[in-house]
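Since the structure comes first, as structure tokens, the remarks are kept for the end.
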Ligand code: 5GP
Ligand code: ZN
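In my numbering, the protein residues as written are 4 to 134.
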């Protein structure tokens with residue numbers, strides 16, 4: 004997706020990353036809502052949670068050659084995103100103190116950037132309410 008700002012950031016074309024591996028990237032939010040506000044995104048352009056496609060059951064049965072053609076399945080990205088969340092929490096020094104993960108999906112959630120992202124908010128007591 005050449006016009007997607009998060010694709011550009013995740014690929015390293017612009018901005019700077021807090022963490023990355025083959026599948027995911029993490030970078031600080033432009034307009035932080037907490038002392039720590041980092042976004043974790045897949046390097047693949049997936050719009051949001053509704054745009055994720057999972058196998059109906061069991062594990063992936065694709066052959067290696069198929070993955071070479073179309074990349075890993077979405078389940079792989081979700082696993083890698085949650086591994087990255089733990090890595091980012093460690094990097095930011097909030098693994099022990101705690102953090103909140105939010106992903107806005109679609110219009111009523113107020114999603115503004117149509118590239119799947121998980122907000123990691125931390126660095127202060129965030130309160131009991133999520134909104
Ligand atoms: P959403 O409302 O879609 O869940 O959140 C989008 C988030 O992306 C917002 O918190 C906004 O501040 C952040 N954001 C939008 N554009 C950019 C950008 O170009 N760079 C960074 N680092 N964050 C951005
Ligand atoms: Zn994108």
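A virtual CB, placed ideally from N, CA and C, is assigned to each residue, including glycine.
Examine the ligand ZN and report whether any of its heavy atoms sits within less than 6 Å of the Cβ of residue 48.
yes
Please report how far the alpha carbon of residue 127 lies from the alpha carbon of residue 77, in whole angstroms.
32 Å
Does the beta-carbon of residue 33, which I'm using as the reference point, lie nearer than 6 Å to any heavy atom of the ligand 5GP?
yes
Once DSSP output is grouped into helix, strand and coil, what is the label at residue 85?
helix
Checking contacts by CB at 7 Å: is residue 111 closer than that to chain B?
Here there is only one protein chain, and chain B is not present.
Starting from the Cα of residue 24, find the closest Cα among 66, 100 and 43 and give me that residue.
43
Round the Cβ separation of residue 27 and residue 105 to the nearest angstrom and send it over; I've been treating them as touching at under 8 Å.
Residue 27 to residue 105, Cβ: 17 Å. No contact.
Between the C-alpha atoms of residue 53 and residue 108, what's the straight-line distance to the nearest angstrom?
7 Å
Grab the span of the alpha helix (DSSP H) containing residue 9 for me, first residue to last.
8–13
So for residue 77, helix, strand or coil by DSSP?
helix
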